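Peer 1: Below you'll find the structure I mean.
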Amino acid sequence: PVVAAAVILPPDTRIRGLRDSKQLLREDRERLAKVVERKALAIAIAEVDVETIDRVNIYQATRIAMSIAVGKLTVAPDHLLIDAMRLDLACAQTSIIYGDSLSISIAAASVIAKVYRDARMRELDKEYPQYGLASHKGYSTPQHLAALDKHGPCPLHRKSFRPVAQTTLPWDNLVPAEA
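Positions -2 to 176 (the numbering used here) are the ones given, in order, by the sequence shown.
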């Protein structure tokens, strides 16, 4: 899935160490997510499924997830700061290239989304342990590609993702592990 978060922080909020979630260790992300949760005026998370990603592409699915997250906020935003894209929303907005490195609000949303998605992938690993989702979180690592070669794709895989599209193994060869 693609996950997006929207976070509204009080003006002049500072959170030591908060930056692009991809630059943080898991322990730091999880600690910072708790700090963001304590300080935020509102947080919302949205997830878009693999079928939608395949239908509209990953960029559009990300825009959809962001728009849904903004719509779920319990506090109406005055102005959106968005990492490298614009949304089809009536709210004033600024798109910031490398926003998760330049804006505390974007970094906060990045951390919240990443912590949520990583936890979700650990849950999905219990259903599909053959893929090692708990360790690589669904990203295109050598371990994940080897599992894909060995087991074929499962319903979590995007058909539009090149290694999945090129597989010769059947889609229906794998069912979730018994709970």
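Note that the Cβ used here is the ideal one computed from N, Cα and C, for glycine as well. Computed from a predicted model, the values in this text were never measured in an experiment.
1) If you reduce the DSSP assignment to three classes, tell me which class residue 176 lands in.
2) Please report the straight-line C-alpha distance between residue 55 and residue 122, rounded to a whole angstrom.
3) Beta-carbon within less than 6 angstroms of residue 103's beta-carbon, same chain only, minus the 5 sequence neighbours each way: which residues are those?
4) Under the three-state reduction of DSSP, which class applies to residue 15: helix, strand or coil?
5) I'd like the list of long-range same chain contacts for residue 109, defined as Cβ closer than 7 angstroms, with 5 residues on each side in sequence excluded.
6) Going by beta carbon distance, what residues of the same chain come within less than 8 angstroms of residue 161, once the five residues before and after it are set aside?
7) Have a look at the DSSP bridge pairing and note the partners of residue 44.
8) Report the residue from -1, 7 and 138 whose alpha carbon sits nearest the alpha carbon of residue 66.
9) Suppose only complete runs of 3+ residues qualify. What are the beta strand (DSSP E) ranges in the stretch 82 to 136, listed by chain order?
10) Report back the beta-carbon spacing between residue 37 and residue 105 to the nearest angstrom; my notes put them in contact at under 8 angstroms.
11) Could you check what DSSP says for residue 170 in three-state terms: helix, strand or coil?
12) By the three-class DSSP mapping on this structure, what secondary structure does residue 38 have?
13) How about residue 148 and residue 140: do their beta carbons lie closer than 9 angstroms?
14) Tell me which residues share the same chain as residue 91 and place their Cβ nearer than 8 angstroms to its Cβ, disregarding the 5 neighbours each side in the sequence.
15) Is the CB-CB distance between residue 60 and residue 84 below 9 angstroms?
16) When burial is assigned at 16 or more other CB atoms within 10 Å of the CB, is residue 62 buried or exposed?
17) Does the Cβ of residue 68 have 16 or more other Cβ atoms within 10 Å, making it buried, or fewer, making it exposed?
18) Measure the alpha-carbon distance for residue 17 versus residue 163 and round it to whole angstroms.
Peer 2: According to the structure data:
1) For residue 176, the predicted structure reports a pLDDT of 45, less than 50, and the residue's modelled location is therefore unreliable. A value from the coordinates is still provided. Three-state DSSP puts residue 176 in coil, outside helix and strand.
2) 22 angstroms
3) 78, 80, 96 and 97
4) coil
5) 2, 4, 30, 33, 40 and 42
6) 145, 150, 154 and 155
7) 0
8) -1
9) 89 to 93
10) 7 angstroms
11) Only weak support exists for where residue 170 lies, its pLDDT of 49 falling under 50; the value from the coordinates is given anyway. Residue 170 falls in the helix class under three-state DSSP.
12) coil
13) no
14) 76, 77, 78 and 79
15) yes
16) buried
17) exposed
18) 32 angstroms
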